[in-house]
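Data first, discussion second: the structure below is written as structure tokens.
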Amino acid sequence: MSISKESELIGMKKISEVVGTTLKLMRAHAQVGMSTKELDDYGGAILKSYGAKSAPFETYGFPGYSCISVNEEGAHGIPSKSKILKEGDLINIDVSAELNGFWADNGGSFVLGKDIHNHQPLVDASKNILHKAIHSIKGGVKIADIGQIIETEAKKSGFRVIKNLAGHGVGRSLHELPDDILNYRVKSNHQRFKKNTTVAIETFISTKSNLAEELRDGWTLVGNKGGYITQHEHTILITDDQPVILTACNGIWD
Numbered sequence: 457m458s459i460s461k462e463s464e465l466i467g468m469k470k471i472s473e474v475v476g477t478t479l480k481l482m483r484a485h486a487q488v489g490m491s492t493k494e495l496d497d498y499g500g501a502i503l504k505s506y507g508a509k510s511a512p513f514e515t516y517g518f519p520g521y522s523c524i525s526v527n528e529e530g531a532h533g534i535p536s537k538s539k540i541l542k543e544g545d546l547i548n549i550d551v552s553a554e555l556n557g558f559w560a561d562n563g564g565s566f567v568l569g570k571d572i573h574n575h576q577p578l579v580d581a582s583k584n585i586l587h588k589a590i591h592s593i594k595g596g597v598k599i600a601d602i603g604q605i606i607e608t609e610a611k612k613s614g615f616r617v618i619k620n621l622a623g624h625g626v627g628r629s630l631h632e633l634p635d636d637i638l639n640y641r642v643k644s645n646h647q648r649f650k651k652n653t654t655v656a657i658e659t660f661i662s663t664k665s666n667l668a669e670e671l672r673d674g675w676t677l678v679g680n681k682g683g684y685i686t687q688h689e690h691t692i693l694i695t696d697d698q699p700v701i702l703t704a705c706n707g708i709w710d
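Here this note's numbering is used: the first residue of the sequence shown is 457, the next is one more, and so on.
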């Protein structure tokens, strides 16, 4: 979305604060013994309290208010009464929503309780790589160059990137152009980030896989070679200098 007037910026800031707050509260609310459906209902109630609507439900008919992926699930996990959270689980929550015609998207992976399975290095790599990528973005920077940063940093950390999942434009709908903000460099992509536009930047960092594959439920994504995947995501406003991180209140870098 291109921001051309103050009312649009206000609208994007408001919905970004809603999804960021919802993600932060859901992360804090998650506990051992809770079902992912219970956690999702909690997040859905927060969105409703702001008058916001779940973006995946509104856009795609997703069976939940948010995507909650656990352990080997890389993305788009369906909230379920039968999926019970356990100590040391690797959890990803992705919250996107619409309010007053504006849309924002954010997500984050974390370890529940004690890190008994040693997932924290993967989580930290994803967070740190997103930080470096976002702070390298300004108007005129090539999208492919950000992909190169993400993949290079992943390799330095001993991990891989998922190549068929991407960040995207966001604002007047959940997914807008550019729709190919990938986690690796595509030489043929000469697109550049544009000043005063809003985009969702995401990292998809993996232990073993380089592609995401859909399960039979039609939603859940897992790695093509197994292992684990972490994702962190912010909605940002691009400027001539450092970007404005609209979903900063989610606290994924805290």
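We put the CB at the ideal spot given by N, CA and C, even for glycine. Keep in mind that this is a model prediction, so the values were computed, not measured.
Exercise for the section: On the DSSP bridge assignment, give the partners of residue 617 in chain order. Expected result: 661
In angstroms, rounded to a whole number, what distance separates the CA positions of residue 574 and residue 605? 25 Å
Discussion item. Could you check whether residue 683 and residue 668 sit closer than 8 Å to each other, using their CB atoms as the reference points?
Written reply: Contact flag unset, no.
Problem - Residues bridged to residue 632 [DSSP beta-bridge criterion] - result: Residue pairing by DSSP puts residue 632 in a beta bridge opposite 625.
Could you name each continuous beta strand (DSSP E) segment of 3 residues or more that falls completely within the stretch 549-609, going from the start of the chain to the end? 558-567
### Message
Buried or exposed, going by whether 16 or more other CB atoms sit within 10 Å of the CB of residue 647?
### Response
exposed
- Please say whether residue 561 and residue 656 have beta carbons closer to each other than 8 Å? yes
Q. Looking only at its own chain, which residues have a Cβ that is under 6 Å from the Cβ of residue 621, when we skip the five neighbours before and after it?
A. 660 and 668
Under 8 Å: do the stretch 469-477 and the stretch 558-572 share three or more Cβ pairs, one atom per stretch? yes
| query | Which value, in whole angstroms, describes the spacing of the CA atoms of residue 614 and residue 708? | reply | Those two C-alpha atoms are separated by around 21 Å.
(request) Could you tell me whether the stretch 523-537 touches the stretch 492-510, using the rule of 3 or more Cβ pairs below 8 Å? (result) yes
* To do: Use the C-beta contact count for residue 640: other C-beta atoms within 10 angstroms, 16 or more gives buried, fewer gives exposed.
  => buried
**For residue 532, the first and last residue of its enclosing beta strand (DSSP E)** = Residue 532 -> no beta strand (DSSP E), and no H or E assigned at all.
query: Residues bridged to residue 715 by DSSP?
result: The question about residue 715 has no answer, for the chain in this structure spans 457 to 710.
Cβ distance (whole Å) where residue 634 is taken to contact residue 599 below 8 Å | 6 Å
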